[in-house]
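What follows is a single structure, written as structure tokens, with notes after it.
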Amino acid sequence: MKALNEREYSDIKNAWSNKETSFESYETEKVNGEYVFNANDEIEGDENVTIKNLLYDERQDDIMKLLNSCENCAELSKLVCKFDDRLKKEHVIQSVIMTWIFTSSLTKDAMKENLLKYLLTCLEPYIHDLNINKASCAFLYLRKMQVSKTHPVMCSLLTKALDSVNDPLEFVDLAAISQLAVAINTGRDFFTPILCANFISRIHKYIKTCRTREDARLLAICVLNLQPLIDCGILNAFKERISILLQNGRFASSLETLRKTIGTQRFEKCMPHLSISHGAATLHEPLVEALEDLLDRNISPETLAYFVPFSDPVRRNALINTFKTFINSSEVWEQSNSSAHLFSALRALKISDVAICDKCWNGVLKELNYASQTDIGQLRFLRHCHRVEQRLSQMAFTAIEYNIFGRIPQIFARLPSFVFAYGHTPHCLKKYPNILLSKVINMGEQFTPGNCFLISRGLYISLELRYRYQIPPLVNMQLAAIDSVLASCAERYANISEENQHALHDLNLLVRCLGNRKRRILLSWWKRAQLDVESKNWRLGADFPNDL
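Residue numbers (the working numbering): 213 to 760.
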């Protein structure tokens with residue numbers, strides 16, 4: 213035993229000697245000017261320290277201290293292999309956490325995959341000895357690193373954690389509940405309402421005892437990740453509790469502003485490219501002159517639609533008279549895509565005259581009655597709404613069921629968006645059509661960010677028009693399923709490019725599509741991605757930090 217202790221002490225001392233050597237070289241690089249300090253590294257370092265100390269203090273023992281001092285996956289892997297016969301359950305779980313810290317720079321790395329396989333093997337004998345906090349934490353970070361839910365260790369960890377939550381006599385910390393809720397939602401391959409049904413009673417108790425900002429943060433995480441199970445009673449109780457804490461001054465009311473401020477500091481490298489001076493104000497006058505000249509030479513619905521946004525208010529009456537002339541001319545309606553251009557002009561002129569609007573929509577309806585299959589296939593009719601909602605919904609629904617356009621993901625995405633938004637389907641006040649849900653789920657892996665955005669807009673409009681005051685239980689469950697599809701699409705798109713070359717437009721669409729649901733993933737992705745920020749896209753880039 214004495215010889216074993218001496219060997220262990222010698223190994224730890226040698227490991228620390230190697231670490232000190234690396235620290236000395238690091239300091240030398242700083243002195244020689246080869247190391248450049250970045251404010252983003254400081255923020256990231258603070259987050260890493262918080263994650264490292266999530267379960268264990270590094271002063272617990274020397275091996276834990278060595279694990280926390282690792283700076284990359286290779287160093288961690290060597291250390292784990294060196295002390296493989298002396299690793300306890302605490303060391304294995306801490307190694308999993310440390311692997312997650314290094315995952316951002318090694319999304320797909322063979323070394324990380326091999327290390328995870330080894331750690332899973334080491335963790336298996338200790339699962340029955342883990343408490344709820346350790347089991348939920350290990351399960352969370354393994355899920356974040358895309359370890360399959362069917363892995364035996366993952367199944368055992370989840371079963372262990374759920375047994376603790378389902379036992380009314382066992383105390384379960386709020387942090388463990390929030391970690392487990394996030395872990396179950398990560399990957400989008402669990403049905404949350406079934407697995408998390410017993411979470412609600414515990415969350416209700418923690419809402420009553422919420423007293424600190426950390427409690428409020430953890431409860432907010434639970435509410436966001438358990439949306440299908442959150443009813444009005446729990447939501448109102450949570451809002452009331454937060455209001456009381458704000459009134460008592462327990463935490464500042466500007467938490468969101470503070471978080472946005474911290475988030476913005478991460479984008480310092482992009483800010484020089486997002487200067488407001490890149491605006492196109494100098495192009496306004498030449499464009500107006502060119503469009504006015506074009507309107508004089510070749511007046512048509514297309515030129516009118518393009519000219520109206522640049523016109524002066526004093527010309528509005530003259531332009532409305534021109535618009536009335538167009539909608540009364542049968543020749544104009546026969547021109548290619550005239551209905552779309554007239555609709556654009558109608559919106560831009562902000563015409564509220566019922567007679568003019570009725571005349572315009574009568575022309576649109578007549579065009580739809582005689583439209584060719586080619587025009588319907590190009591989905592031009594989706595540019596028109598409200599007056600002909602029912603007819604358009606029926607046409608879109610027919611195309612989804614019987615037309616080839618309902619089988620092509622990039623074209624299909626426009627169809628359910630319209631049907632989701634305006635309804636006019638059987639039981640539209642109780643649920644969305646089942647065929648829409650099944651097709652969205654089946655085609656989810658082929659959706660682009662633009663497709664996801666279209667579907668999300670349709671859902672948003674439906675919630676405003678039909679479910680503003682009460683969401684039926686069936687709709688709530690359907691929304692959870694579609695939300696899973698959209699979130700998995702965002703995660704897939706974030707990982708498809710090995711070179712991290714992402715289009716700013718696509719990233720902006722995903723942020724607007726998902727909102728709060730996957731904000732942290734998109735934030736870390738934005739931070740890592742090398743975006744092609746052109747001057748014409750400066751507004752997208754400038755708005756992005758505020759959207760986050």
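By construction, the Cβ of each residue, glycine as well, lies at the ideal position given by its N, Cα and C atoms. This one's a predicted model, so the numbers in the text were calculated from it and none came from an experiment.
(request) May I ask you to verify whether the segment 371-384 touches the segment 341-354, counting CB pairs closer than 8 Å and requiring at least 3? (result) Yes, since at least three Cβ pairs between the segment 371-384 and the segment 341-354 fall closer than 8 Å, the two stretches touch.
(message) Can you find the residues in the same chain that come closer than 8 Å, C-beta to C-beta, to I339, ignoring five residues on each side of it along the sequence?
(response) A347, V365, S368, L369 and K372
(message) For M323, which residues in the same chain have their Cβ closer than 8 Å to its Cβ, ignoring the five residues on either side in sequence?
(response) C285, A286 and S289
(message) Closer than 8 Å is the cut-off here; do at least three beta carbon pairs connect the segment 658-672 with the segment 622-639?
(response) Taking a contact to require three or more Cβ pairs closer than 8 Å, the segment 658-672 and the segment 622-639 qualify as touching.
(message) Report the CB separation of L201 from D427 in whole angstroms; it is logged as a contact under 8 Å.
(response) The shown model of the chain, from 213 to 760, leaves out residue 201, and the question about it has no answer.
(message) So within the segment 491-532, which uninterrupted alpha helix (DSSP H) runs reach at least 4 residues, ignoring any that extend past its ends?
(response) 496-509 and 513-519
(message) Three Cβ pairs or more, each shorter than 8 Å: is that satisfied between the segment 404-421 and the segment 699-706?
(response) no
(message) Suppose contacts are defined by Cβ-Cβ distances below 8 Å. Is N437 in contact with A393 by that definition?
(response) yes
(message) Considering just the uninterrupted stretch of the alpha helix (DSSP H) at I415, what are its terminal residues?
(response) F411 to K420
(request) Let me know the secondary structure DSSP gives P628 once reduced to three states. (result) helix
(message) Buried or exposed, going by whether 16 or more other CB atoms sit within 10 Å of the CB of H303?
(response) H303 comes out buried.
(request) Thinking L354 and V308 are a contact (beta carbons under 8 Å), I'd like their distance in whole angstroms, please. (result) 6 Å
(request) Within its chain, find whatever has a CB closer than 6 Å to the CB of A395; leave out the 5 residues flanking it on each side and keep chain order. (result) F351, L352 and R355
(request) Would you kindly work out how many angstroms separate the C-alpha atoms of V520 and L531, rounded to a whole number? (result) 8 Å
(message) Can you give me the C-alpha to C-alpha distance between K472 and L457, rounded to a whole angstrom?
(response) In this prediction, K472 has a pLDDT of 37, which is less than 50 and means its spatial position is unreliable; nothing more can be read from the coordinates.
(message) By the DSSP assignment, the alpha helix (DSSP H) with T371 in it spans what residues?
(response) DSSP places T371 in the uninterrupted alpha helix (DSSP H) bounded by P364 to N378.
(message) Once DSSP output is grouped into helix, strand and coil, what is the label at Q622?
(response) helix
(request) Spatial neighbours of I563 within its chain, please: CB distance less than 8 Å, with the 5 preceding and 5 following residues excluded, ordered by chain position. (result) I532, F535 and C569
(request) Could you tell me if Q391 is buried or exposed, where buried requires 16 or more neighbouring beta carbons within 10 angstroms of its beta carbon? (result) buried
(message) Which residue wins for smallest C-alpha separation from Y330, given the options K300, A517, D273 and D296?
(response) D296
(request) Can you have a look at E283 and say buried or exposed, based on whether 16 or more other CB atoms are within 10 angstroms of its CB? (result) That one is exposed.
(request) Might you give, ordered along the chain, the residues of its own chain that have their beta carbon closer than 8 Å to the beta carbon of P513, omitting 5 neighbours on each side? (result) F538, V544, Q547, S550, H553, L554 and A557
(request) Look at V697 and G656 and say whether their C-beta atoms are less than 8 Å apart. (result) yes
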